[in-house]
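K.L.:
The letter at position 211 of the sequence shown is residue 211 when you use full-length UniProt numbering, and the numbering goes up by one with no holes.
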Amino acid sequence: MTYTLIGTAVSLYTGKVRGYLRWKNVAFREQLSTVEAYKSVILPRIGWPVVPVLLHDDGSARGRAVQDTTEIIDYVEAHEPGPSVYPDGPVQKLAALILELFGDEWLVIPAMHYRWAYNRDFAQAEFGATSYPDLPPEERLAAVQKSVDFFSGALPVLGIAPDSVAAVEASFEAFLAAFEAHLEQHDFLFGSRPSIGDYGFLGPLYAHLLRDPASGEIMERLAPRVADWARRTHAPQHALTGDFLEDDDIPPTLMPMLEMFAAQQLPVLLGTARALAEWSEENPDASELPRIFGFNKAMIGHGDTVVETDRAIFPYPLWMLQRVTDHLAGLDGEARQSAEKMLRSIGAAKLIGFELPIRLKRENYKLVRG
Ligand SMILES: N[C@@H](CCC(=O)N[C@@H](CS)C(=O)NCC(=O)O)C(=O)O
1 MTYTLIGTAV
11 SLYTGKVRGY
21 LRWKNVAFRE
31 QLSTVEAYKS
41 VILPRIGWPV
51 VPVLLHDDGS
61 ARGRAVQDTT
71 EIIDYVEAHE
81 PGPSVYPDGP
91 VQKLAALILE
101 LFGDEWLVIP
111 AMHYRWAYNR
121 DFAQAEFGAT
131 SYPDLPPEER
141 LAAVQKSVDF
151 FSGALPVLGI
161 APDSVAAVEA
171 SFEAFLAAFE
181 AHLEQHDFLF
191 GSRPSIGDYG
201 FLGPLYAHLL
211 RDPASGEIME
221 RLAPRVADWA
231 RRTHAPQHAL
241 TGDFLEDDDI
251 PPTLMPMLEM
261 FAAQQLPVLL
271 GTARALAEWS
281 EENPDASELP
291 RIFGFNKAMI
301 GHGDTVVETD
311 RAIFPYPLWM
321 LQRVTDHLAG
331 LDGEARQSAE
341 KMLRSIGAAK
351 LIGFELPIRL
361 KRENYKLVRG
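1. Are Pro194 and Trp23 close, meaning C-beta to C-beta below 8 Å?
2. For Glu80, I'd like the list of residues in its chain whose CB is within less than 8 Å of its CB, leaving aside the five on either flank, ordered along the chain.
3. Please report the residue range of the alpha helix (DSSP H) in which Ala298 lies.
4. List in chain order: all unbroken beta strand (DSSP E) runs of 3+ residues lying wholly within the UniProt domain "GST N-terminal" (5-83).
5. With hydrogens ignored, establish whether the beta-carbon of Thr34 is closer than 7 Å to any heavy atom of ligand 1.
6. What is the DSSP secondary structure of Phe190, counted as helix, strand or coil?
7. So if DSSP puts Asp310 in a beta bridge, which residue, or which two residues, is it bridged to?
8. Report yes if the C-beta distance between Phe244 and Gly191 is below 8 Å; otherwise report no.
9. Straight-line CA distance for Leu94 to Pro83?
10. Which residue spans inside the stretch 328-367 form an unbroken beta strand (DSSP E) run of at least 3?
11. Work out the CA separation of Ala263 and Thr309 for me, nearest whole Å.
12. Determine the closest residue to Phe317 out of Val17, Ile46, Ile98 and Leu5, with distance taken between C-alpha atoms.
13. Just to confirm, are Asp57 and Thr2 a CB contact at a threshold of 8 Å?
14. Rounding to the nearest angstrom, what Cα-Cα distance links Trp319 and Arg291 in this structure?
15. Using CA atoms only, rank isn't needed, just tell me which of Ser60, Pro315, Gln67 and Glu36 is closest to Lys16.
16. May I have the straight-line CA-CA distance separating Ala129 from His186, to the nearest angstrom?
17. Would you grab the beta carbon distance between Phe179 and Val108 for me? Rounded to a whole angstrom, and I think it's under 8 Å.
18. Just to check, is the beta-carbon of Tyr316 closer than 7 Å to a non-hydrogen atom of ligand 1?
19. What do you reckon, is the C-beta of Pro156 under 7 Å from a heavy atom of ligand 1?
20. Are the CB atoms of Val307 and Ile313 nearer to each other than 8 Å?
Below, the structure written as structure tokens:
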């Protein structure tokens, strides 16, 4: 067995990678991210406490350790044969990269809200079973109190506060309705094969929102096809099957979700890019980016429910946005025209010709100036 996935069922981003590895039909074993695993593997190899981590025994002395789900998926895509989760069609690929970013960094908002508002006891027990599997259940709960406080304490950082909760729930329900309507016509976002965008959705929708019992009940009731999609994508019955839609087609049912990206997440990303420019000017010699630049006001919600709330400014999603804009910048001729047309039609014309004020890259598992 050459791959080991370190993580846990309760972890959002571990769910994204697990579903992908299963569909990719890659043999892997899982190692639970216990406190011991953090001490003996994650901290020494990655340098900071985070999951998932993929270890690859590639024949080198220590093997490779890969972190960040996007990098893990790209690593496996580069090392393993078989169909890819990246569509060849340039417009489909653009939309898939956008939806991965939307799932990873925007649907995390409802995922965190529902977990800590409605599934707190369940999540704490799951944290305990992950971190301290050898302790008796009563002792586990106390032992994980600090990490429960850390993760649930992240709600205001994400813009989740008493004044924005109604907006978070309304926009999540609107998202579920849009995805449900899409799944009436298609198995996955772009046809019968899961894409990188599907895996971006999978973390929040499976590992938190379906698997946590109270939000799972809401999803089963409001959007049974989404619940079914999450199960199929997390545990595909047939690995390596399916195709993307022909002719680089973007089905009309995908548009509402792309419009949600443009209306909700894109303004936050563009504001973050302005903060990046300021940071870069003020810290010309700094290489490593801080995890947050500070706080500002952000709009959260959908349609009539939008509210202004305080939210931290995270540079990390700009690295994912750079993947989107790099892909766009690499297109020319008809492909470029079709891609720009799609961006205009979803309300994301600002992405046309957009470049970050500085390039970003990931080095030693951290975000640095590129
Ligand atoms: N963008 C990262 C996010 C990973 C992440 O946030 N993982 C969570 C658990 S699901 C974690 O370990 N967070 C610790 C932290 O952010 O300090 C990825 O795709 O791997």
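Note that beta-carbon positions come from the ideal geometry of N, C-alpha and C, so glycine has one too.
P.N.:
Looking at the coordinates:
1. If you number the sequence shown from 1, residue 194 lands on position 194. If you number the sequence shown from 1, residue 23 lands on position 23. Against a cut-off of 8 Å, the Cβ pair of Trp23 and Pro194 comes out as a contact.
2. The residue you call residue 80 lines up with position 80 of the sequence shown. Excluding sequence neighbours, Glu80 sits near Lys24 and Val26.
3. The count along the sequence shown starts at 1 and reaches residue 298 at position 298. Ala298 -> not in any alpha helix (DSSP H); beta strand (DSSP E) instead, spanning Phe295 to Ile300.
4. 28-32, 53-56 and 64-67
5. Numbered from its first residue, the sequence shown carries residue 34 at position 34. Thr34: no, Cβ never under 7 Å from ligand 1.
6. As a first step, residue 190 is located in the sequence shown; it is residue number 190 there, counting from the start. Correct three-state label for Phe190: coil.
7. Counting from 1 along the sequence shown, the entry for residue 310 is found at position 310. Per DSSP, the beta-bridge partners of Asp310 are Lys297.
8. Along the sequence shown, one-based indexing puts residue 244 at 244. Along the sequence shown, one-based indexing puts residue 191 at 191. Closer than 8 Å, so yes.
9. The sequence position of residue 94 within the sequence shown is 94, counting from 1. The sequence position of residue 83 within the sequence shown is 83, counting from 1. If you take the alpha carbons of Leu94 and Pro83, they lie about 18 Å apart.
10. 360-363
11. Here residue 309 corresponds to residue number 309 of the sequence shown, with the count starting at 1. Here residue 263 corresponds to residue number 263 of the sequence shown, with the count starting at 1. Cα to Cα, Thr309 sits roughly 16 Å from Ala263.
12. By 1-based counting over the sequence shown, the position of residue 317 is 317. Note that residue 317 corresponds to Pro in the displayed sequence, not to Phe. Checking every option, the nearest Cα to that of Pro317 belongs to Ile98.
13. Working through the sequence shown from its first residue, we reach residue 57 at position 57. Working through the sequence shown from its first residue, we reach residue 2 at position 2. Against a cut-off of 8 Å, the Cβ pair of Thr2 and Asp57 comes out as a contact.
14. Counted from its first residue, the sequence shown places residue 319 at position 319. Counted from its first residue, the sequence shown places residue 291 at position 291. Answer to the nearest angstrom: the Cα atoms are 12 Å apart.
15. Position 16 of the sequence shown, counted from the start, is the residue given in the question as residue 16. Per the Cα distances, Gln67.
16. Here residue 129 is taken as the residue at index 129 of the sequence shown, counted from 1. Here residue 186 is taken as the residue at index 186 of the sequence shown, counted from 1. Those two C-alpha atoms are separated by around 37 Å.
17. Translated into the one-based positions of the sequence shown, residue 179 becomes position 179. Translated into the one-based positions of the sequence shown, residue 108 becomes position 108. Contact check for Phe179 and Val108: beta-carbon distance about 16 Å, past the 8 Å limit, so the pair fails to qualify.
18. Counting from 1 along the sequence shown, the entry for residue 316 is found at position 316. It does: the Cβ of Tyr316 is within 7 Å (strictly closer) of some heavy atom of ligand 1.
19. Working through the sequence shown from its first residue, we reach residue 156 at position 156. Not so, every heavy atom of ligand 1 lies at least 7 Å from the Cβ.
20. As a first step, residue 307 is located in the sequence shown; it is residue number 307 there, counting from the start. As a first step, residue 313 is located in the sequence shown; it is residue number 313 there, counting from the start. No; because the gap between Cβ atoms is not below 8 Å, this pair is not in contact.
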